[in-house]
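*Asks:* Below you will find the structure I want to go over with you.
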Amino acid sequence: MAPSGNGGDPCSMRIYMITGDDLTSFRGGTIHLVEQAENLQALGHDVCIFAQDRGPLPQPTTVSIRYLPAIVHTRQMGYSAMPLLAARLLGVPHVLEVNGILRDELARRGSALRLAVIDWFARVNLAPF
Numbered sequence: 059m060a061p062s063g064n065g066g067d068p069c070s071m072r073i074y075m076i077t078g079d080d081l082t083s084f085r086g087g088t089i090h091l092v093e094q095a096e097n098l099q100a101l102g103h104d105v106c107i108f109a110q111d112r113g114p115l116p117q118p119t120t121v122s123i124r125y126l127p128a129i130v131h132t133r134q135m136g137y138s139a140m141p142l143l144a145a146r147l148l149g150v151p152h153v154l155e156v157n158g159i160l161r162d163e164l165a166r167r168g169s170a171l172r173l174a175v176i177d178w179f180a181r182v183n184l185a186p187f
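Its first residue numbered 59, the sequence shown is counted upward by one per residue in the numbering used here.
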């Protein structure tokens, strides 16, 4: 697959970052995601963040949507198959960033059904293709 970034740089890529995080909250995870996107953008990559619309962001950002990506990056959404499906439909790689194991966090307080659903998403999202 040929890189497809901006500015004619053959090493730059279009990257879609997908998150379930509320970007209107000023927390570690949201700061991490926005700074990661801005740093990738500063390196010459064309970055777009997809997140829930919960109002204006607490800090300005230049990240926007324009083109098909070279890669889909998902942060903390191992319990959703939609980013993987989107990457498959677009014919691009999917990268899942995991900063903790949801099943382990819910093992003591999650219902058996909820744990089964989490296990299914883990098999779908983490299986090699």
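C-beta atoms are modelled at their ideal positions from N, C-alpha and C, and glycine is treated no differently.
With a Cβ-Cβ cutoff of 8 Å, do Ala95 and Met71 count as a contact?
*Replies:* No, the Cβ-Cβ distance between Ala95 and Met71 is not below 8 Å.
*Asks:* Considering only DSSP beta bridges, list what Asp104 is partnered with.
*Replies:* BP columns for Asp104 point to Arg72.
*Asks:* If you measure between the beta carbons of Arg133 and Glu155, is that distance less than 8 Å?
*Replies:* Yes, they are a contact pair.
*Asks:* What's the gap between the Cα of Ala139 and the Cα of Asp67?
*Replies:* Cα to Cα, Ala139 sits roughly 32 Å from Asp67.
*Asks:* Within 10 angstroms of its Cβ, does Val150 collect 16 or more other Cβ (buried), or is it exposed?
*Replies:* Buried.
*Asks:* Who are Glu96's beta bridge partners in DSSP?
*Replies:* None; Glu96 has no bridge partner.
*Asks:* Is it true that the CB of Val92 sits closer than 8 Å to the CB of Leu81?
*Replies:* Against a cut-off of 8 Å, the Cβ pair of Val92 and Leu81 comes out as a contact.
*Asks:* Thinking C-beta only, is Ile176 closer than 8 Å to Pro153?
*Replies:* One detail in the question is off: residue 153 reads as Val in this sequence, not Pro. No, the pair does not count as a contact, with Cβ atoms beyond the cut-off.
*Asks:* DSSP three-state call for Val175: helix, strand or coil?
*Replies:* Three-state DSSP puts Val175 in a helix.
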